[in-house]
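Structure, as structure tokens:
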Amino acid sequence: MALQESSSGFRAGFELHVSLNTESKLFCGCSVAEKTAAPNSSCCEICLGFPGSKPLANRKAIEYALKLALALNCKIAPEMRFSRKVYSYPDLAKNFQISQFEVPLGENGFVLLDSAKKIRIKRVHLEEDPAAIVHEGSVASASSCLVDYNRSGVPLVEIVTEPDISSAGEAREFFSKIRSIIFYLDIFDERKSVIKADTNISVDGGNRVEVKNVTGIKNIEKVLGFEVERQKTAVKAGTGVKRETRGFDEVTSSTFSLREKETEDDYGYIIEPDLTKIVLEKKLVKEVRDSLPELPEEKVKRLKKEFKLSEYNARVMASDPELGKLFESAAKEVGAELAAKFLSRELLGILNYNDLSLRELSLSSKEIISLLKLLEQEKVSEKNAKEATIKYVLEGVPPLKFLKGEQLLSDVPDDTLIKTVEKVMKENPKAISDLRKGEKKAMNFLVGIAMREMKGKAEARKVQEIIKEKLK
Ligand SMILES: [Zn+2]
Numbered sequence: 000m001a002l003q004e005s006s007s008g009f010r011a012g013f014e015l016h017v018s019l020n021t022e023s024k025l026f027c028g029c030s031v032a033e034k035t036a037a038p039n040s041s042c043c044e045i046c047l048g049f050p051g052s053k054p055l056a057n058r059k060a061i062e063y064a065l066k067l068a069l070a071l072n073c074k075i076a077p078e079m080r081f082s083r084k085v086y087s088y089p090d091l092a093k094n095f096q097i098s099q100f101e102v103p104l105g106e107n108g109f110v111l112l113d114s115a116k117k118i119r120i121k122r123v124h125l126e127e128d129p130a131a132i133v134h135e136g137s138v139a140s141a142s143s144c145l146v147d148y149n150r151s152g153v154p155l156v157e158i159v160t161e162p163d164i165s166s167a168g169e170a171r172e173f174f175s176k177i178r179s180i181i182f183y184l185d186i187f188d189e190r191k192s193v194i195k196a197d198t199n200i201s202v203d204g205g206n207r208v209e210v211k212n213v214t215g216i217k218n219i220e221k222v223l224g225f226e227v228e229r230q231k232t233a234v235k236a237g238t239g240v241k242r243e244t245r246g247f248d249e250v251t252s253s254t255f256s257l258r259e260k261e262t263e264d265d266y267g268y269i270i271e272p273d274l275t276k277i278v279l280e281k282k283l284v285k286e287v288r289d290s291l292p293e294l295p296e297e298k299v300k301r302l303k304k305e306f307k308l309s310e311y312n313a314r315v316m317a318s319d320p321e322l323g324k325l326f327e328s329a330a331k332e333v334g335a336e337l338a339a340k341f342l343s344r345e346l347l348g349i350l351n352y353n354d355l356s357l358r359e360l361s362l363s364s365k366e367i368i369s370l371l372k373l374l375e376q377e378k379v380s381e382k383n384a385k386e387a388t389i390k391y392v393l394e395g396v397p398p399l400k401f402l403k404g405e406q407l408l409s410d411v412p413d414d415t416l417i418k419t420v421e422k423v424m425k426e427n428p429k430a431i432s433d434l435r436k437g438e439k440k441a442m443n444f445l446v447g448i449a450m451r452e453m454k455g456k457a458e459a460r461k462v463q464e465i466i467k468e469k470l471k
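Positions 0 to 471 (numbering that gives the first Met the number 0) are the ones given, in order, by the sequence shown.
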């Protein structure tokens with residue numbers, strides 16, 4: 000179900016859960032395990048909530064959460080508390096989750112969209128991740144399930160927005176801005192974890208519906224599309240929209256009812272008595288604020304000024320810190336325009352098409368820059384440069400090695416090229432007169448012959464330029 004890009008008569012807000020890439024968990028010294036670690040190999044009596052076990056807050060996790068809250072323009076609480084939230088599922092053995100309710104770490108922040116619209120951030124708080132429930136076989140047929148407590152106690156930051164999002168485009172932009180900020184802050188490892196979103200959606204005349212645990216922007220868009228349609232139909236039919244919590248089925252791209260929505264009272268929050276009040280001293284907040292790296296918005300401004308990039312190119316280059324770094328080193332060697340054009344069109348195109356990110360690949364900026372230099376010197380055609388990039392990204396073959404191996408580097412001196420073109424023009428008078436009459440096909444024909452004569456080692460664009468020059 001396609002959702003219109005423009006405002007579509009609905010309001011949506013997010014609760015995003017981001018796991019922090021600290022070495023140890025939030026309340027104990029257990030390490031944050033890799034996905035491949037043996038089940039229950041990284042847990043202790045605190046992760047398992049044994050009676051008498053006492054949690055101890057991880058300072059690094061608080062600093063990371065503080066960084067994020069500051070980057071999201073939040074007001075930082077002078078002191079914060081952890082609270083117990085009733086939680087009666089097997090993935091938290093102690094029957095409560097340690098979260099923050101009464102006094103969150105940060106409140107009243109915002110993310111600015113490119114349109115200058117503010118998406119208000121209601122709060123940013125820290126909590127522990129529950130364990131992972133593992134079903135053997137299909138969920139429907141399983142008579143029992145297994146619990147892996149490696150994830151139990153991993154620090155999570157929850158970002159809660161106000162319901163300010165009113166189109167799929169805004170949802171997409173907000174989500175990608177948050178992703179970009181957490182990558183700049185280097186507080187999240189996408190190899191270990193995914194960002195999970197609970198989305199609340201309401202249409203005019205209906206109640207607020209929450210859809211739990213959706214991962215990835217494509218699924219969020221599907222949820223919005225499905226729910227807005229479902230809720231609008233219900234309002235139109237006069238049956239009304241129930242306040243409830245729903246789940247998302249990825250296979251059918253639809254949502255289904257889970258339970259009537261609980262209110263905050265149902266969670267029975269109490270202040271966690273085993274953890275003391277944590278004072279967020281002004282000195283600490285200042286230190287963390289001063290340590291913040293350049294953030295995407297600042298980078299956009301700097302790239303525009305320093306490299307004369309267009310707004311669009313600056314935003315693309317600043318969208319990912321790795322890409323930004325690569326651009327800056329390339330722009331110093333081959334010029335900003337060529338670097339931005341190649342990185343955004345070719346490299347990003349290949350990465351997006353294959354669902355890859357620069358962080359998970361270890362591409363060398365040296366290799367990319369040497370390819371860009373070949374392009375700049377017109378020693379390789381754009382088509383072959385793209386081919387070489389695909390080989391490099393997908394198979395790790397260095398571009399220069401590939402181009403040399405396939406004999407795709409043009410080492411033809413310009414005068415040979417000019418002579419070849421002159422010869423081709425002389426031998427094809429009919430094509431030349433067609434070309435003078437404005438027949439574009441004749442140009443393709445001539446370029447094709449010249450390229451064949453040069454055994455593909457010339458650049459079509461250059462051949463075309465020479466023909467045009469000669470025709471004048
Ligand atoms: Zn532990």
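Yeah, the Cβ is synthetic: ideal placement off N, Cα and C, and Gly gets one too.
Residue E310 holds the alpha-carbon nearest to the alpha-carbon of K300 among E310, P292, L291.
In this structure V159 does not touch L67 by the C-beta definition: roughly 13 Å separates them, more than the 8 Å allowed.
Short of 7 Å from the beta carbon of K59, and not among the five residues preceding or following it, lie these beta carbons of its own chain, in chain order: T21.
The alpha helix (DSSP H) runs lying completely inside the region 210 to 296 and spanning 4 residues or more are 216 to 236, 281 to 290, given in chain order. No heavy atom of ligand 1 is found nearer than 6 Å to the CB of I97. In terms of Cα proximity to I417, the closest of R190, I389, V446 is V446. A distance criterion of 6 Å places the beta-carbon of C144 beyond contact range of ligand 1, judged by its closest non-hydrogen atom. A check of alpha carbon separations from I200 across V193, A76, V208 identifies V208 as the nearest. Around the CB of E280, fewer than 16 other CB atoms lie within 10 Å, so the residue is classed as exposed.
Straight across, the Cα-Cα distance linking A64 with S98 is about 13 Å. Its Cα nearest to that of F173, the residue F109 stands out among S151, F109, E336, Q96.
Comparing alpha carbon positions, the residue from N443, R451, G455, M453 closest to Q463 is N443. V156 is bridged by DSSP to V17, L125. Between A339 and N312, the beta carbon gap of about 4 Å places them in contact (Cβ cut-off 8 Å). Leaving aside the five residues that flank L25 on each side, the residues in its chain whose CB is nearer than 6 Å to its CB run, in chain order, N57, A60, E127, G152, P154.
Look at I194 here: in three-state DSSP terms it is coil, with no helix or strand label. For Y266 against K84, the beta-carbon gap comes to about 5 Å, under 8 Å, which counts as contact. Contact check for F187 and V17: beta-carbon distance about 6 Å, within the 8 Å limit, so the pair qualifies. V423: not part of any beta strand (DSSP E); member of the alpha helix (DSSP H) spanning 413 to 426, first to last residue. For G105, the enclosing beta strand (DSSP E) has its first and last residue at 105 to 111. The way I'd put it, the region 391 to 408 does touch the region 342 to 359; three or more beta-carbon pairs between them come closer than 8 Å.
Closest by C-alpha distance to I269, out of S256, A384, F81, V287, is F81. If you compare the alpha carbons of L325, L399, S380, K93 with that of K456, the shortest gap goes to S380. Counting only heavy atoms of ligand 1, the residues whose C-beta sits closer than 6 Å to one of them are, along the chain, K24, C27, C29, C42, C43, I45, C46, G152. For secondary structure counted as the alpha helix (DSSP H) over 4 or more consecutive residues, the region 347 to 405 holds these complete runs in sequence order: 347 to 352, 364 to 375, 381 to 394, 398 to 404.
The beta carbon of E62 sits closer than 7 Å to those of V287, all from its chain and outside the five residues before and after it, given in chain order.
Annotation: K53 to S23 spans about 16 Å, alpha carbon to alpha carbon. Straight-line measurement puts the Cα of K403 at about 28 Å from the Cα of I466. DSSP places Q96 within a strand segment (E or B) once states are collapsed to three. Comparing alpha carbon positions, the residue from G323, F306, Y148, K425 closest to C29 is Y148.
Contact between L15 and A170 does not hold, since their C-beta atoms are separated by about 11 Å, which reaches or exceeds 8 Å. Between the region 239 to 256 and the region 221 to 230, the count of C-beta pairs closer than 8 Å reaches three or more; the two stretches touch. For M453, the three-state secondary structure derived from DSSP is coil.
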